[in-house]
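**Q** My questions all concern the structure below.
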Amino acid sequence: MHGVKRVQYSKEVLEARKQRDQARLKDYLALYEQVFQKRKNKDFSQDAFDSTTNILRMNPELYTIWNYRRNVMTNGIFPASDPSKVNDILSDDLSLTFALLKEHPKVYWIWSHRMWCLEHVPDGPTDDQLKGWKTTNWKKELFVVEKMLDADARNFMAWNYRRYILGNMDPPPPPSAELTYTTKKIEANFSNFSAWHQRSRVLMSLWKEGKLDEKTSKQTEFELVQNAMYTDPDDQSVWIYHAWLIDAGEDTALLRREITSIQELLDEQPDSKCTVYGVACPIQEAHFGEAFGQLGP
Amino acid sequence: MKGAESGKDDYSEYDTPHLIMTYTALLSLAILRDDFERLNKPGILKLVRSCQRADGSFTSLPNGGDSDLRQVYCAFAISSILDDWSGIDVGSAVKYIQRCSNYEGGYGQSPGGEALGGTTYCALASLYLALSQSTSSVSPHLSPEERTRTIRWLLQNQTPVGGFSGRTNKVPDACYCFWAGASLHILGASEYVNVTALASFLSKCQFKFGGIAKAPEDTPDPYHTYMAVAALALYPPEGADKSYNLPKLNALWNTTEDTAEWIRSHIQRRS
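Protein chains in written order, with the UniProt record's numbering: chain A, 1 to 297; chain B, 1 to 271.
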């Protein structure tokens, strides 16, 4: 991790650590041998399930064992359990993987196992509430991913996962809720381009579905991004978002207005490199040579 | 490898075949100058074929696992190394790659994602590797506008201290010096990289007892050490001493030209 500096350890500390690591390694290798033997024997028992838990806690990168664990569940454990029990087992697995994620936030297998669990939540608890368990679990999942983004607001795996959750929740959360979430994340730190990117995705879908008027909403966005520009004209996030808002640069009047507004910022902060860069990008792309000429050197 | 074929047993004592590991294994064998006598080419092509999904993307394993641009790159690299593209529907895979392209100029890990240096390399290297197959048309499926926009985004990620960051507004990291640097190299835009600043950043990532870390003051590891050296092989600083004399790198396969030549003579030209 960035920002974690090297520390000097004493000889005693290093020796103690070495002993501990060796003992751990011995346990791991014994367990490894055992789990792979069970897998070879097609052992789908509770005991096999527990051994996969133990080894995955030690090494969550062991993808073959994640696959085996799912086979144990679908071939051994689920057929012998009623839907309520299946729901409990999957909820336990979601708790287990949340604990693992806190320690290993970027191990793909953990994220994909969560997806598998969510997708296998049975109907229930009753015939009247067929989606009950599903709704509870998916809602909880959104909370989990928020926790992950609180810990690291730029974790791209968490953002990808968030989009997956939002796309699969039934019933889907109100569309404005995600816009509010990105506002909160941007206000906390407007250098966080991941939040701006999410915002662009949300807006595009709201405009497309006619849930938000594109023209009015774009105006609000221009104001938001202009505030950020004035706060730090050298921040890349705002310029990329601005270029996205301008889009292909087909609206000449809009382009002229934005050029004028950036010129004002440039007059105020003549040393800002991003400012010139920011306006040049979309305009060059749209071949508005004449408009670009107005900006001066 | 033919010797490892178990045939009937569903569960061999080995892990499930994995697309990324297969790419890595082929390169490692070539680096070790294996003669590839025991290479089970049809088996590898079968794996590649069984990993492709309807949307053109690939999963890591035949029965699932992650699916994003990393696996697409490995499938393309494997096909290109074997000089046999019969395991891939290139058209649908290219469509998937294009769906990952975003307005920033880079490629997200999967469609709709934020642009990332590593997956931008995967996308570009795949598109250019596909050019090498005889049946493909001349275009790398990249319009001049897209190319310009990608070059701009990549260059913008070369930070004032010389290292590249992997995403907009992130801190520089030694591995992105390769992912972004190699991407620019593939796009024919190497001349815009500030090579002196790049080498200066990477030299600061060097640990005094050996190895290169992701950032200055960080702990070195083999991954960042390799990536930094690979970046320097593509971008030797001007007027550098002979410690910077590194073997020529093949940016599309991410291996030395010597190893690439070994692959050509021992896998491709074998009949």
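Note that the Cβ used here is the ideal one computed from N, Cα and C, for glycine as well.
Can you round the beta-carbon distance between isoleucine 20 of chain B and cysteine 74 of chain B to whole angstroms, since I take them to be within the 8 Å contact cut?
**A** Sequence index remark: in the second sequence, residue 20 of chain B carries index 20 (1-based). Sequence index remark: in the second sequence, residue 74 of chain B carries index 74 (1-based). 5 Å between Cβ atoms; contact.
**Q** Using only the alpha-carbon positions, how far apart do glycine 210 of chain B and aspartate 47 of chain A sit?
**A** To locate residue 210 of chain B, count along the second sequence from 1; it is residue 210. To locate residue 47 of chain A, count along the first sequence from 1; it is residue 47. For glycine 210 of chain B and aspartate 47 of chain A, the distance between alpha carbons rounds to 46 Å.
**Q** At least one CB of chain B closer than 8 Å to the CB of isoleucine 240 of chain A: is that the case?
**A** Taking the first sequence and counting its residues from 1, the one referred to as residue 240 of chain A is at position 240. Yes, isoleucine 240 of chain A counts as interfacial toward chain B.
**Q** Check each candidate in A:Arg201, A:Met148, A:Ala188, A:Arg70 and name the one with the smallest Cα separation from asparagine 102 of chain B.
**A** By 1-based counting over the second sequence, the position of residue 102 of chain B is 102. Among A:Arg201, A:Met148, A:Ala188, A:Arg70, the Cα nearest to that of asparagine 102 of chain B belongs to A:Arg201.
**Q** Establish whether the CB of leucine 116 of chain B and some CB of chain A are separated by less than 8 Å.
**A** Here residue 116 of chain B corresponds to residue number 116 of the second sequence, with the count starting at 1. Yes - at least one Cβ of chain A is within 8 Å of the one on leucine 116 of chain B.
**Q** Between proline 233 of chain A and serine 261 of chain A, is the Cβ-Cβ spacing less than 8 Å?
**A** Your numbering for residue 233 of chain A matches position 233 in the first sequence. Your numbering for residue 261 of chain A matches position 261 in the first sequence. Cβ atoms of proline 233 of chain A and serine 261 of chain A: not closer than 8 Å.
**Q** Could you list the residues in the stretch 222–235 of chain A with a C-beta less than 8 Å from some C-beta on chain B, going in chain order?
**A** Listed by position along the chain: Asp235.
**Q** Sort out for me which residues DSSP pairs leucine 61 of chain B with in a bridge.
**A** What you label residue 61 of chain B is simply residue 61 of the second sequence in a count that begins at 1. Its beta-bridge partners are B:Gly64.
**Q** Starting from leucine 232 of chain B, trace the alpha helix (DSSP H) in both directions and tell me its first and last residue.
**A** Indexing the second sequence from 1 puts residue 232 of chain B at position 232. First-last of the alpha helix (DSSP H) with leucine 232 of chain B: 222–234.
**Q** Jot down the residue ranges of each uninterrupted alpha helix (DSSP H) in the stretch 40–116 of chain B, minimum 4 residues, whole runs only, in chain order.
**A** Entirely contained in the stretch 40–116 of chain B, the alpha helix (DSSP H) runs reaching 4 residues are, in chain order, 41–51, 69–82, 90–100.
**Q** Given that a residue counts as buried once 16 or more other Cβ atoms are within 10 Å of its Cβ, and exposed if not, what is glutamine 236 of chain A?
**A** Taking the first sequence and counting its residues from 1, one reaches residue 236 of chain A at position 236. Glutamine 236 of chain A is buried by the Cβ-count criterion.
**Q** Please report whether the beta-carbon of lysine 106 of chain A lies at a distance below 8 Å from any beta-carbon of chain B.
**A** Residue 106 of chain A sits at position 106 when you count from the first residue of the first sequence. Not closer than 8 Å to any Cβ of chain B, the Cβ of lysine 106 of chain A fails to qualify, so no.
**Q** Can you give me the Cβ contacts of tyrosine 9 of chain A inside the same chain, cut-off strictly under 8 Å, excluding the 5 residues immediately before and after it?
**A** Looking up residue 9 of chain A in the first sequence gives position 9. Arg17.
**Q** Buried or exposed for glutamine 219 of chain A, going by 16 or more other Cβ atoms inside 10 Å?
**A** One-based indexing of the first sequence puts residue 219 of chain A at position 219. Per the 10 Å Cβ criterion, exposed.
**Q** My guess is that alanine 180 of chain B and phenylalanine 164 of chain B are in contact by the Cβ rule of under 8 Å, so how many angstroms apart are they, rounded?
**A** Numbered from its first residue, the second sequence carries residue 180 of chain B at position 180. Numbered from its first residue, the second sequence carries residue 164 of chain B at position 164. With a Cβ gap of about 4 Å, alanine 180 of chain B and phenylalanine 164 of chain B count as contacting.
**Q** Quick one, which residues of the stretch 52–69 of chain A are near chain B if we go by CB-CB under 7 Å, in chain order?
**A** Hits within the stretch, in order: Tyr63, Thr64, Asn67.
**Q** Does tryptophan 159 of chain A get closer than 8 Å to chain B when you measure Cβ to Cβ?
**A** Residue 159 of chain A sits at position 159 when you count from the first residue of the first sequence. Yes, tryptophan 159 of chain A lies at the interface with chain B (some Cβ there is under 8 Å from its Cβ).
**Q** Within the chosen definition, does the stretch 176–191 of chain A reach the stretch 120–130 of chain A through at least 3 CB pairs nearer than 8 Å?
**A** At 8 Å Cβ cutoff, the stretches do not touch.
**Q** Return the chain-ordered list of same chain residues with a C-beta closer than 7 Å to the C-beta of asparagine 54 of chain A, the five sequence neighbours on each side being excluded.
**A** Here the question's residue 54 of chain A lines up with position 54 in the first sequence. Same-chain partners within the cutoff: Leu31.
**Q** When burial is assigned at 16 or more other CB atoms within 10 Å of the CB, is lysine 85 of chain A buried or exposed?
**A** Along the first sequence, read from residue 1 onward, the residue named residue 85 of chain A stands at position 85. When all chains shown are included, lysine 85 of chain A counts as exposed.
**Q** Can you name the residues of chain A whose CB is closer than 7 Å to the CB of alanine 156 of chain B?
**A** Along the second sequence, one-based indexing puts residue 156 of chain B at 156. First, the residue type needs correcting, since residue 156 of chain B is glutamine and not alanine in the sequence shown. Result: Gln236.
**Q** With 8 Å as the threshold, decide whether the Cβ of arginine 163 of chain A is near any Cβ in chain B.
**A** As a working mapping, residue 163 of chain A is identified with position 163 in the first sequence. Arginine 163 of chain A counts as touching chain B.
**Q** Tell me where the alpha helix (DSSP H) around aspartate 150 of chain A begins and ends.
**A** Locating residue 150 of chain A in the first sequence gives position 150, where the first residue counts as 1. Residues 132–151.
**Q** Taking Cβ-Cβ distances shorter than 8 Å, what residues in chain B pair up with arginine 20 of chain A?
**A** Locating residue 20 of chain A in the first sequence gives position 20, where the first residue counts as 1. Those within 8 Å of arginine 20 of chain A in chain B number zero; the least Cβ separation is about 19 Å.
**Q** Does the beta carbon of glycine 106 of chain B sit closer than 8 Å to a beta carbon anywhere in chain A?
**A** Your numbering for residue 106 of chain B matches position 106 in the second sequence. Chain A contact via Cβ: absent.
**Q** Given that glycine 112 of chain B touches chain A, what residues does it touch there, using C-beta distances under 7 Å?
**A** Sequence index remark: in the second sequence, residue 112 of chain B carries index 112 (1-based). By Cβ distance, chain A contributes Arg163, Arg201.
**Q** Taking Cβ-Cβ distances shorter than 8 Å, what residues in chain B pair up with serine 191 of chain A?
**A** Stepping through the first sequence from its first residue, residue 191 of chain A is reached at position 191. Neighbours of serine 191 of chain A on chain B, chain order: Asn169.
**Q** Output, in sequence order along the chain, the residues in the stretch 85–113 of chain A whose CB is closer than 9 Å to any CB in chain C.
**A** No chain C appears in this structure, whose protein chains are A and B.
**Q** Just how far apart, CA to CA, sit lysine 42 of chain A and arginine 147 of chain B?
**A** Within the first sequence, the letter at position 42 stands for residue 42 of chain A. Within the second sequence, the letter at position 147 stands for residue 147 of chain B. If you take the alpha carbons of lysine 42 of chain A and arginine 147 of chain B, they lie about 51 Å apart.
**Q** If we cut at 8 Å on Cβ distances, does tyrosine 103 of chain B have a partner in chain A?
**A** The residue you call residue 103 of chain B lines up with position 103 of the second sequence. Yes, tyrosine 103 of chain B counts as interfacial toward chain A.
**Q** Looking only at C-alpha atoms, which of B:Asp241, B:Thr59, B:Ser132 sits nearest to isoleucine 81 of chain B?
**A** Locating residue 81 of chain B in the second sequence gives position 81, counting from the first residue. That would be B:Ser132, whose Cα lies nearest to the Cα of isoleucine 81 of chain B.
**Q** Please state whether DSSP places leucine 249 of chain B in a helix, a strand or coil.
**A** For the purposes of this step, residue 249 of chain B is taken as the residue at position 249 of the second sequence. Correct three-state label for leucine 249 of chain B: strand.
**Q** At the level of alpha carbons, what is the spacing between phenylalanine 98 of chain A and lysine 140 of chain A?
**A** By one-based count along the first sequence, residue 98 of chain A stands at place 98. By one-based count along the first sequence, residue 140 of chain A stands at place 140. Using only the alpha carbons, I get a separation of about 11 Å.
**Q** Could you check whether the Cβ of tryptophan 207 of chain A sits closer than 8 Å to any Cβ belonging to chain B?
**A** Within the first sequence, numbered from 1, the residue matching residue 207 of chain A stands at position 207. So, not an interface residue.
**Q** Give the interface partners of glycine 65 of chain B over in chain A, defined as CB-CB distance under 7 Å, in chain order.
**A** Numbered from 1 along the second sequence, position 65 holds the residue referred to as residue 65 of chain B. Correct list: Tyr63, Ser112.
**Q** Are the C-beta of aspartate 15 of chain B and some C-beta of chain A separated by less than 8 Å?
**A** Translated into positions along the second sequence, residue 15 of chain B becomes position 15. Yes, its Cβ sits closer than 8 Å to a Cβ of chain A.
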